[in-house]
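In our numbering, the protein residues as written are 73 to 281.
What follows is one structure encoded as structure tokens, with my remarks underneath.
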């Protein structure tokens, strides 16, 4: 029963690794788009990567942070008794990304975003005990990729096209979005590879492959 048990565990790990890989594929492809994007050279209508500082003349307050956009979830209770009370998206129009080649306007309707700035507040808020939030902070650093196009204002805009959204990843003012994104990508790939390698090694050791 020993080898058979280890074989089942190994097969389970291989299966989990494959599932994790498939589920994480969209995230991996998004990370690849951001890290592999061609830096913007100032051309209008180009698909390009931009980096800069987040600015917003109409910021929102999310938890304790001043943000361009954000998401919050309120919970009631603790541990296994925790219950989601409400979930909200926060934004007030567009925001700006100041880059080395000029200011780019970003619309929440055109961008999928991720951030390293997350927080939790343990206090009573609108019928909940705890607030968890994620934000793109004003003054933070960001990397984005999409189409740079003219809109109805003099400021150029970051836009999506068809079913392909623009992407944006933000950190705090002292962060490095490209480095944070690369670490996330490497961590995901290493975890996936280790699970497959360990499962394969157990199967090989017991002569099952």
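Glycine included, C-beta positions come from ideal geometry on N, C-alpha and C.
query: Hey, residue 241 and residue 253: beta-carbon distance below 8 Å or not?; result: yes
query: State the DSSP-derived secondary structure class of residue 231, mapped to helix, strand or coil.; result: strand
query: Are there 16 or more other CB atoms within 10 angstroms of the CB of residue 192, so buried, or fewer, so exposed?; result: exposed
query: State yes or no: is the C-beta of residue 117 nearer than 7 Å to some heavy atom of the ligand MG?; result: Of ligands this structure carries none, so the ligand MG is not represented either.
query: Taking only three categories from DSSP, how would you classify residue 73?; result: The pLDDT assigned to residue 73 is 47, lower than 50, so where the model puts this residue is not dependable; a value taken from the coordinates is nonetheless given after this. The answer is coil: DSSP assigns residue 73 none of H, G, I, E or B.
query: Straight-line CA distance for residue 212 to residue 125?; result: 6 Å
query: What do you get for residue 166, buried or exposed, if any count of 16 or more other CB atoms within 10 angstroms of its CB means buried?; result: buried
query: Please report the distance separating the alpha-carbon of residue 200 from that of residue 144.; result: 12 Å
query: Three-state secondary structure (DSSP) at residue 146?; result: strand
query: Would residue 128 and residue 168 qualify as a contact pair, given that the criterion is a beta-carbon distance under 8 Å?; result: yes
query: Which residue comes first and which comes last in the beta strand (DSSP E) that contains residue 173?; result: Unbroken run through residue 173: none, as it is neither H nor E.
query: Tell me the rounded alpha-carbon separation between residue 209 and residue 154.; result: 27 Å
query: Indicate the three-state DSSP secondary structure (helix, strand or coil) for residue 252 in the structure shown.; result: helix
query: Does the Cβ of residue 159 have 16 or more other Cβ atoms within 10 Å, making it buried, or fewer, making it exposed?; result: exposed
query: Going by DSSP, name the residue or residues bridged to residue 155.; result: 148
query: Need the endpoints of the beta strand (DSSP E) that residue 207 sits in, please.; result: 200-209
query: Do residue 205 and residue 142 have their beta-carbon atoms positioned less than 8 Å apart in this structure?; result: yes
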